[in-house]
Each structure stands twice: as structure tokens, then as C-alpha cells.
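Visitor: UniProt numbering puts the sequence shown at residues 46 to 651.
Please read through the structure below; I'll follow up with questions.
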Amino acid sequence: ALSGCQQQQTLSFEEIAHRLDHHHHAPNGYQTQRLLSWGDSLHRQDSFTPDTLTPAAQAQRFGFNNDFIGFMPLSNQQTATGYEHFTSSNSQRGLLCVNHEYTQPHLMFSGYRDDEDGDFNTRPEHVAIEQQACGHSVVEIELQNGHWQVNTDSPYNRRITVTTPMIVTGPAAGHPRLQTSQDPSGARILGTLGNCAGGKTPWGTVMIAEEGIGSAFIGNRSNIPKTEQDNYQRLAIGNDDNRRWGDVDPRFHIEKEPNEANRFGWMVELDPYDPESTPRKLTSLGRFEHEGTTIVAKPGKPIVAYTGDDDEFQFFYKFVSAGVYQPEQPAANRQLLEQGTLYAAKLNDDGSGEWLSLRHGEAFLTEQFGFHSQADVLIECRRAAAMIGATPMDRPEDIETNPVNDCTYVMLTKNKKRKTQDPGNMRLNNSAGHILELLHPGKDGQRDHTAHTFQWNTFILGGDPGSDTLNNQGFYGTGPNGETVSDAGWFATPDNLTFDRQGNMWVATDGCEAFGFHDGLWAMPTAGPYRAIPKHFFGCPLGAELCGPEFTPDGNTLFVSVQHPADAHGSTFDHPVHRWPDFDEALPPRPSVIAIRRKDGGRVGS
Ligand code: FEO
Ligand code: CA
Ligand code: CA
Ligand code: CA
């Protein structure tokens, strides 16, 4: 293939090759720094000894399987408010806000087997450690002489876990379906889990998604109230192969605490600038397997929050606030996500699309169909969206709006179960995934994201463009002189994304090993002659997926999450070879955040 992007002004890095080995890879001229790994203390300079780990110790240490990363600047003004810190755009010092999606005991604990016989060797102390290894970390970091340092003395450093107290806002707060024996109010929840991707608000908070919640809950669905059976079945809550937390913690056994699972599957908002702040679950954004949330805010207009439900044949959504965004009113803006309308997307074959409102009392969302209030619509969002005719998608992962052209991009990672086409999901047995581009009414850079209609097109079909299997054949852009994607530039299974300040899209993948090479990061323009011609920027070690790409405001550092390294067949804590990133016999493989910079300190990607 021709080398596609040689002439580009903004993405001139020398691309790396498709590989599959035990190391990570970045282009020539770049340095990579391991910044934070599972087990690193947030409060002391010490070394991690996994054999001595306790739940209390894990609660003070960086969690497992890092995912979303938000860089939240810290200004050098001591007296700055959180909003003033956030808008300082300081790229030398900040809070790294990182999700910890889930735990893998066979990679965390020596002697633990998690083999194909389902030989779960759960011990109570392991479950308690796992619960402290999920959630979120806030860590102050500073750039010194081209290297990032963790400030272990920072008062901001904080862990959010499965036991952190949170409050509930929005229409489902306090609803009887959220009430439990521990919390009769239904408005105070302990903890968060399944924290996959996320987002940042323009008022300086982070949005933490609750995605794969089902696997934490066991129990027999036929022994719980009928009203929750379909609800829990749709979220795989109480499946036989779920993790056995419920054996040792009754909160996660649906027969013992039948409403607990309704308290997860929401978006959570955290103010990292206030170490005493209580995280808030935002029920207005619906309950499902949230991949993340991205907010579009324009002065004087309602804010829009896009969010995908990452499962086969699920939907993607947007929330439109009742109030309007006023940049100078950061305190008032904090209420915007509590009141508004949630919509699910319906795609039509002619390239048009509609946002269908999820309002109680309208369409099928009535008493007759078991929806007694708006709270019921939000708790059972999957059923509600299916009933009003939203389009079932191929696993909607991150959805993000490009700050330059104001178009919105939907990552559809894959769906091998697809047997029939839906608009926007055209490949049967879709194993390579695809990316859609949504255009709301208006010109580039000035689109009306509150509109009820949009246009959509296919930006990229993942996979090898040379494949002779139609379902796997990739489709990318073509340059003005016939340039096409290079041998290393094609990818599959798009998952997370971010944009640089020039509007280039950076896509992280989860599933390329099925195509014979590592997961990683690919960068491409979304406009201009080299639109949709990706170049390969970063590759993961064997077993890992890449998550959380995040730039500093100046674009000179790119943070990435390497999640579940060594998660290959037969790999365990005790495996002699799979020991990224330390390659130290005393340490197992450790999920880690990597900071990537150009050796000359210039803009990443240029
Ligand atoms: Fe946690 Fe959708 O990936
Ligand atoms: Ca993801
Ligand atoms: Ca993102
Ligand atoms: Ca993933």
C-alpha cells in the first residue's frame, strides 16, 4: 500500500508497525514514561509488595485496570477555585483523574486460578481488596525537566472505591427501586464499579461511567421480585459465570439485596478539586452500561451530553439540559445535568437520524407497559429505548464531538452476533467494528447539538482493507494522489477516542489481537485531503487494550491507559514471562498509565 499521510502538516510522526510482543511501542523521537501502575502508593514513596496487600492498603494505592484519564490542570495560584484551576490550562501541573474498571484476581493474587473450568478460588480478603482496587484515582502530577512526577504529598490525592459514599440526584433519587436495607432513603449509595471511560465537564468536574456492572452480582433471577427480572436479565446481573463477590458480600447477591443492582449503571460526577466532595450519581442520564459521557457546551444554549451503552444491539443517547450553559456561572452549571430530557438515537437508511425522547407518559413509556414514572424509564432505559424504536447498534463505546468541526463520532467496537442489518450497522458478524460520523444542523464548528434530527455517514469501517472477507474488509479514506492507508495504519475494534487541538482523531482499540497484532492508538484527520487515513502511533504489550487517551491542554503530553496487560490465555500472577511494565520477578504484570512526549518537547503527533 502507498504510505498515506507523508504530506500532512499536522500528523507527520513516523508510524510504528503492527506487532505482538511483550513490550509497548511508540514512534522514533518519542519517549514513554511509566507514570502510575496498580499498587503505587498515592501518599508515600515506597515500593509495592503485592503479597502484603490488604484492603486498607489498596484503598491508599492506585487501582487495577486503569481506563478513562482526565487531565485537570492546577494553576500556580494557591487561592484559585476549582473552576479557576480548570480554566488555567496549565499543562505543567494537574490532577490525573483515572478510572479503574474491573479486577482480575488471577492477575492480582498469587496462586489464584481463573481457568476455563471456572475454578474460582475467591477468598473474602481478596474480594475486599478487589473492591478497593475498582473505582477512580485522583493524583497530582507535575512536569519537571520533561518528566512527570507524582506528588505523594498532595492534599488532592484520593481514591474512590466500591465503598465510597455517594449521593443520588435526578428523577430516580430516592425511588423505592433504589432502596436497600443499608439505605432506606434510596439516595445514598456506597461506591461505584465498572468504571470504564468518562468525560470532563466545562465547570471542572469529571464524569465517571458505570459500565460492566452485571458481573459483580450473583444470585438466581427467578428468586427476586418479578419487576426486576427483565431489568436484571438485560444487564446480565445474576448470571452464573459472574464474579463471586456475592458469596462474601450480601450487597452483591441479588436474592439477599434485590435492589442493590439498581444503584449501579449510572453516570457519576466527581469534583477532583475538592478532596472532601461527595461524588454524585446522575440518574437523569439513564441507567445502562455507560461507556462514557462527552459534553458539548455552548454559551446561552442547553448543554448536551452524549453517552453510549456498550453492549451488542444496544443504543446511544444524548441528554439535553433544561437550563442553559453560562460559562461565568460555574456553580449554577453544576445543576444542569440534573434536569433535562434523555433521547435515544434512531438511524434511517437514507442517512438521516432522529433523537427519540424518553419521556414518561409518551409513546410506550406508560403505566400500561410498566413505566409508572420517569424514574422507571431511567432505571429500565434499555427496555424503554427498545420500545420507542431506537436503532440497535454494534456496541456503542466512546462518543465524542470534534472541537474543530463540531461533528460527533460514535465508536462501534464490534458485534459478532449481528445476523441482520440495521441502519448504520451494515456488516453481519461485525468483528472489526466501525465509526459513524454524526452531523447536526449548522456549519462546521457551529452545529446545533440540541436539534432533534441529524445526518450520519460511515467514517471508517475497521479491518484490513485487503481482506477478502467482506465482513472484515476495512474502508478508509483516499488521498488526493490515490494515497491509501498503510500496512500499519489499519485497525479494528475502535473503543475510546480523543481529539487533539488541530481536530485530528486519536482512536484507541480493544480487540486487534484477533487480527494478529497489538491493540493501540491510531491518529487521523477528520477533514482535508487525508481524512480518515489513520497512522499507527502506539502499540500495547501482549494481552492489553488501550484506553483513556488524553492530551495536556498544550498538546505536548499524551497520557494513555494500558489496561489488562498479560491478559492472554494461561497467563496468571505467577506467569514467568508476562511481567510488563516492570519485568521484575517480584512483581506481576501491572496495568499502568504511560505519559508520551516528544524527545524535543514539541507537540505530540506533529
Ligand atoms: Fe469498558 Fe466498553 O469498554
Ligand atoms: Ca472501553
Ligand atoms: Ca474519550
Ligand atoms: Ca474495552
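C-beta: ideal position from N, C-alpha, C; glycine also.
When you compare the CB positions of residue 255 and residue 311, do they come within less than 8 angstroms of one another, or not?
Guide: yes
Visitor: I'd like to know whether the C-beta of residue 152 is nearer than 8 angstroms to at least one C-beta of chain D.
Guide: This model lacks chain D altogether; it includes just one protein chain.
Visitor: From the DSSP output, read off the bridge partner residues of residue 467.
Guide: 470
Visitor: How long is the line joining the alpha carbons of residue 648 and residue 130, rounded to whole angstroms?
Guide: Our two residues, residue 648 and residue 130, have alpha carbons roughly 22 angstroms apart in a direct line.
Visitor: Buried or exposed: which applies to residue 394, given that a residue is buried once 16 or more other Cβ atoms fall within 10 Å of its Cβ?
Guide: exposed
Visitor: Quick one: is residue 149 buried, meaning 16 or more other Cβ sit within 10 Å of its Cβ, or exposed?
Guide: buried
Visitor: Compare the beta carbon distance of residue 593 and residue 111 with 8 angstroms and say whether it is the shorter of the two.
Guide: yes
Visitor: Is there at least one non-hydrogen atom of ligand 4 closer than 7 angstroms to the beta-carbon of residue 540?
Guide: yes
Visitor: What does the Cβ neighbour count give for residue 636, buried or exposed, with the cut at 16 atoms within 10 Å?
Guide: Taking a 10 Å sphere around the C-beta of residue 636, we find 16 or more other C-beta atoms and assign the residue as buried.
Visitor: Of all the alpha helix (DSSP H) runs that stay within the bounds of the segment 406-450, which reach a length of 4 or more residues?
Guide: 419-424, 426-432
Visitor: For the segment 72-128, which segments carrying the beta strand (DSSP E) assignment without a break, of at least 3 residues, lie completely within its bounds, in sequence order?
Guide: Within the segment 72-128, the complete beta strand (DSSP E) runs of at least 3 residues are 75-82, 111-118.
Visitor: Measuring only the C-alpha atoms, how far is residue 655 from residue 114?
Guide: Beyond the ends of the chain as shown, which are 46 and 651, falls residue 655; an answer cannot be given.
Visitor: So residue 455 and residue 480 are in contact, right, with Cβ under 8 angstroms, and what is the actual spacing, rounded?
Guide: Sure, about 7 angstroms apart at Cβ, within 8 angstroms.
Visitor: Cβ atoms of residue 398 and residue 499: under 8 angstroms apart, would you say?
Guide: yes
Visitor: Would you identify the three-state DSSP class for residue 533, choosing helix, strand or coil?
Guide: In this structure, residue 533 counts as coil in the three-state DSSP scheme.
Visitor: Rounding to the nearest angstrom, what Cα-Cα distance links residue 402 and residue 253 in this structure?
Guide: 24 angstroms
Visitor: If distances are taken between C-alpha atoms only, which option among 404, 318, 458, 528 comes closest to residue 132?
Guide: 318
Visitor: Decide if the segment 363-376 is in contact with the segment 277-285; the criterion is three or more beta carbon pairs, one per stretch, under 8 angstroms apart.
Guide: With a cut-off of 8 angstroms, the segment 277-285 and the segment 363-376 do not count as touching, because too few Cβ pairs lie within range.
Visitor: Between the beta-carbon of residue 363 and the beta-carbon of residue 400, is there less than 8 angstroms?
Guide: At the C-beta level, residue 363 and residue 400 come within 8 angstroms of one another.
Visitor: Which of the three DSSP states is assigned to residue 604 in this structure?
Guide: strand
Visitor: With hydrogens ignored, establish whether the beta-carbon of residue 439 is closer than 7 angstroms to any heavy atom of ligand 4.
Guide: no
Visitor: Rank 147, 235, 93, 87 by C-alpha distance to the C-alpha of residue 198 and give the top, closest one.
Guide: 87
Visitor: List, from N- to C-terminal side, the beta strand (DSSP E) runs of 3 residues or more that fit wholly inside the segment 155-236.
Guide: The segment 155-236 contains, as complete beta strand (DSSP E) runs of 3+ residues, the segments 180-189, 192-195, 203-205, 210-214, 233-235 (chain order).
Visitor: Helix, strand or coil, according to DSSP, for residue 315 in the structure here?
Guide: strand
Visitor: Could you tell me which residues DSSP puts in a beta bridge with residue 348?
Guide: Paired residue(s): none; residue 348 is not in a bridge.
Visitor: Which residue from 270, 396, 485 puts its Cα closest to that of residue 307?
Guide: 270
Visitor: Consult DSSP for residue 271 and reduce its assignment to one of helix, strand or coil.
Guide: The answer is helix: DSSP assigns residue 271 an H, G or I state.
Visitor: How would you label residue 617, buried or exposed, when you count the other beta carbons within 10 angstroms and need 16 or more for buried?
Guide: So residue 617 ends up on the buried side.
Visitor: Could you check the C-alpha separation between residue 656 and residue 555 for me, to the nearest Å?
Guide: The displayed coordinates of the chain run from 46 to 651. Any statement about residue 656 would go beyond what the structure contains.
Visitor: Based on the DSSP secondary-structure assignment, which residues constitute the bridge partners of residue 640?
Guide: 78, 604
Visitor: Looking at the structure shown, is residue 544 part of a helix, part of a strand, or coil, going by DSSP?
Guide: In this structure, residue 544 counts as strand in the three-state DSSP scheme.
Visitor: Could you give the distance in angstroms between the alpha-carbon of residue 506 and the alpha-carbon of residue 293?
Guide: 44 angstroms
Visitor: Considering residue 287, what are the terminal residues of the beta strand (DSSP E) in which it resides?
Guide: No beta strand (DSSP E) contains residue 287, which DSSP labels as neither H nor E.
Visitor: Which residues in the same chain as residue 139 place their Cβ atom closer than 6 angstroms to its Cβ, once the five residues preceding and following it in sequence are excluded?
Guide: 116, 117, 118, 119
Visitor: If distances are taken between C-alpha atoms only, which option among 562, 510, 651, 235 comes closest to residue 66?
Guide: 562
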